[in-house]
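These notes concern the structure reproduced below.
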Amino acid sequence: MLYIGNENHKSNWVWYMISLKNKIVVITGASRGIGAAICRHMAAEGARLVLTGRNMKRLKATAVSLGLDKKDYHIVRADITKKAEMKKIVSSARRKFGRIDIFINNAGVGIHKPVIELTEKQFDQIFNTNLKAVYFSFLELIPLYRRQGGGQIINISSGAGRMGVPGLAAYSSSKAALNVFSEAVAGEVRNDSIKISVLSPASTDTNFMSNMSRKSKTPSKAALKLTVDEVAEAVVFMARQNKNAWTSMADIRPLLIKR
1110 MLYIGNENHK SNWVWYMISL KNKIVVITGA SRGIGAAICR HMAAEGARLV
1160 LTGRNMKRLK ATAVSLGLDK KDYHIVRADI TKKAEMKKIV SSARRKFGRI
1210 DIFINNAGVG IHKPVIELTE KQFDQIFNTN LKAVYFSFLE LIPLYRRQGG
1260 GQIINISSGA GRMGVPGLAA YSSSKAALNV FSEAVAGEVR NDSIKISVLS
1310 PASTDTNFMS NMSRKSKTPS KAALKLTVDE VAEAVVFMAR QNKNAWTSMA
1360 DIRPLLIKR
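Next comes the structure, spelled out in structure tokens:
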């Protein structure tokens, strides 16, 4: 455990953070961006990881970059928008490690264009990835966590879910729905020692944001972007909180400084 406070007056410490060593952590969208950064930071904390995504080559590259022993990680290629594939992730993780302690719904899709140019297929892709896949994870994890006596789900949302962003109408709406959905379900399961947390990063320096900036007519303010490591550090903080407390919803934003 990492105690926060004056080490000369331990009796006055009022809270502490748990260790993630040997905790089983599943990360969706683990092959790049925020997902890969979460993998790095969780590995540094001693967690054992399940990396999931659709691109096996990139997943393997991420896993190798972590420098972990093969017994400490597992890769599952899966399409989280399909119910059976989410079931596969959970069952495969349990076969490898016997349990799941933390499940991070990180994978997301955003398409930057005016809503009248957005196809129905693209609209469905956004909502299926950003919201329906989380629903599928709840269906698998809530019964499992109840049997285990608890567990945590961390959903990566977006600052765009707090407002309507022109050009990102579907993405913003899917993240807003994710926020409310997560909050409602958290209230249903909190008495089962199940934590459901939502982290909403502001603009982050990822491929998605870079592509959006190129397509936008408004110049990007590069100094106002978070790094993927800053987001990952916030995820680790949420995962390390005392078992009797949890952050239900949190925003993370950059300071107005030059990097």
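For the sequence shown, the numbering used here assigns the number 1110 to the initial residue and increments by one for each residue that follows. For glycine and all other residues, C-beta sits at the position ideal for the given N, C-alpha and C. Bear in mind that the values here come from a model prediction, so they are computed numbers and not experimental data.
Return the chain-ordered list of same chain residues with a C-beta closer than 7 Å to the C-beta of residue i, the five sequence neighbours on each side being excluded.
| i | result |
| --- | --- |
| Ala1152 | Leu1158, Leu1175, Leu1177 |
| Leu1277 | Gly1219, His1221, Ala1269 |
| Arg1167 | Ser1140, Arg1141 |
How big is the Cα-Cα spacing for residue i and residue j?
| i | j | result |
| --- | --- | --- |
| Gly1162 | Asn1353 | 31 Å |
| Gly1217 | Ile1235 | 8 Å |
| Asp1181 | Leu1240 | 29 Å |
| Leu1129 | Lys1304 | 15 Å |
| Asn1214 | Ser1266 | 9 Å |
| Phe1206 | Ile1225 | 46 Å |
Give the secondary structure of residue i by DSSP, where H, G and I count as helix, E and B as strand, and everything else as coil.
| i | result |
| --- | --- |
| Lys1304 | strand |
| Val1345 | helix |
| Asp1188 | coil |
| Val1340 | helix |
| Pro1363 | coil |
| Ser1128 | coil |
| Met1195 | helix |
| His1150 | helix |
| Ser1309 | strand |
| Val1224 | helix |
Would you decide whether residue i is buried or exposed? Buried here means 16 or more other CB atoms lie within 10 Å of its CB.
| i | result |
| --- | --- |
| Met1195 | buried |
| Pro1275 | exposed |
| Lys1132 | buried |
| Ser1200 | exposed |
| Gly1259 | exposed |
Less than 8 Å between the C-beta atoms of residue i and residue j, yes or no?
| i | j | result |
| --- | --- | --- |
| Ser1357 | Glu1292 | yes |
| Ala1343 | Ala1146 | no |
| Phe1212 | Leu1248 | no |
Using a Cβ-Cβ cut-off of 8 Å (strictly less than) and excluding sequence neighbours within five positions of residue i, which residues of its own chain qualify?
| i | result |
| --- | --- |
| Tyr1244 | Phe1290 |
Under 6 Å Cβ to Cβ from residue i, same chain only, skipping five residues before and after it: list those, please.
| i | result |
| --- | --- |
| Asp1360 | Ser1309 |
| Arg1186 | Met1165 |
| Ala1202 | Val1135, Val1159, Ile1209 |
Any heavy atom of the ligand FAD within a distance shorter than 7 Å of the CB on residue i?
| i | result |
| --- | --- |
| Val1274 | Judged by which ligands are present, the structure shown has none, so any question about the ligand FAD falls away. |
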